[in-house]
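Beneath this line is the structure, given in structure tokens, with notes to follow.
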Amino acid sequence: MGMIGSDITEIIFDNVRLTKENLLGKEGEGWDIAMSTLNLSRPAVGAQAVGLAEGALNFSVEYAWKRVQFGQKLADFEGIQFMVADMATQIEAARALVYDAAQLLDMKVYERDKMSAIGVDKLSAMAKVFSADVAMKVTTDAVQILGGYGYTKEYPVERMMRDAKATQIYEGTNQIQRIVIARDIFRKFMP
Numbered sequence: 617m618g619m620i621g622s623d624i625t626e627i628i629f630d631n632v633r634l635t636k637e638n639l640l641g642k643e644g645e646g647w648d649i650a651m652s653t654l655n656l657s658r659p660a661v662g663a664q665a666v667g668l669a670e671g672a673l674n675f676s677v678e679y680a681w682k683r684v685q686f687g688q689k690l691a692d693f694e695g696i697q698f699m700v701a702d703m704a705t706q707i708e709a710a711r712a713l714v715y716d717a718a719q720l721l722d723m724k725v726y727e728r729d730k731m732s733a734i735g736v737d738k739l740s741a742m743a744k745v746f747s748a749d750v751a752m753k754v755t756t757d758a759v760q761i762l763g764g765y766g767y768t769k770e771y772p773v774e775r776m777m778r779d780a781k782a783t784q785i786y787e788g789t790n791q792i793q794r795i796v797i798a799r800d801i802f803r804k805f806m807p
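The sequence shown begins at 617 in the numbering used here and counts up one residue at a time.
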């Protein structure tokens, strides 16, 4: 349906034996290692979502500037202007969250107890969930701005919308991200 440029396939390990020197971490730590790895990849998904949203915004703005309907440019309609303003604002907010999460990861601040206000697990989840939701909203609005053309494969915004949907699913669905965020918020009240 989307992400046509990504080679995605299933890998099956059956009766694989591994020597101790080839283990990542210690035996029994696999789940924790896998989950902490997601903290590294979720901001990257957020960055991908921001890029999709920005591409959709740019294409729809150029289209609205050139397309004439009812004797005036689409860009002259106040409703289109409101949509574009909201799209741009949402993209910048998403970009800021992604940058904040990436900065913590660049500083190698991985563990919650090293942070005073916010854990990187929560911030990574926030960056991913918000950016993915923004990408879906912005690409949907871009399709709307193009009208019937936006729904056809002749224009790239329909592909961007399909690709944006994938960002809400992989590296943990946005519903899972909301659980991660809420648990981190409530954790400070736990005994």
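Backbone N, C-alpha and C fix where the C-beta goes; we use that ideal spot for every residue, glycine too.
Check: Cβ of G788 within 8 Å of any chain D Cβ; Outcome: Among the chains in the structure shown there is no chain D, since it carries only a single protein chain.
Check: Residue nearest to V661 in terms of C-alpha spacing, selected from R803, T635, A709 and Y786; Outcome: Y786
Check: Cα-Cα separation between V666 and A782, rounded to whole angstroms; Outcome: 13 Å
Check: Backbone CA spacing between V736 and I792 [nearest angstrom]; Outcome: 16 Å
Check: Beta bridge counterpart(s) of Q685 as assigned by DSSP; Outcome: Q688
Check: DSSP state of N790 mapped onto helix, strand, coil; Outcome: helix
Check: Alpha helix (DSSP H) runs wholly inside the segment 735-788, at least 4 long, in chain order; Outcome: 736-762 and 773-783
Check: Whole-angstrom C-beta distance between L690 and A717, which should lie under 8 Å; Outcome: Not quite, the Cβ-Cβ distance comes to about 35 Å (not below 8 Å), so this is no contact.
Check: Helix, strand or coil at G641 [DSSP, three-state]; Outcome: coil
Check: Per-residue DSSP class, three states only, for K724; Outcome: coil
Check: Rounded C-alpha distance that separates K724 from N674; Outcome: 34 Å
Check: C-beta atoms of V759 and M703 nearer than 8 Å; Outcome: no
Check: Local conformation of R711 per DSSP, three classes; Outcome: helix
Check: Per-residue burial, P659 [other beta carbons within 10 Å of its own, 16 or more giving buried]; Outcome: buried
Check: Exposure of R711, with buried meaning 16 or more beta-carbon neighbours within 10 Å; Outcome: buried
Check: Collapsed DSSP secondary structure at M806 in the structure displayed; Outcome: coil
Check: Nearest to D757 (by Cα), restricted to the options S652, A672, G687 and I795; Outcome: A672
Check: N638 versus T653: straight-line alpha-carbon distance, rounded; Outcome: 18 Å
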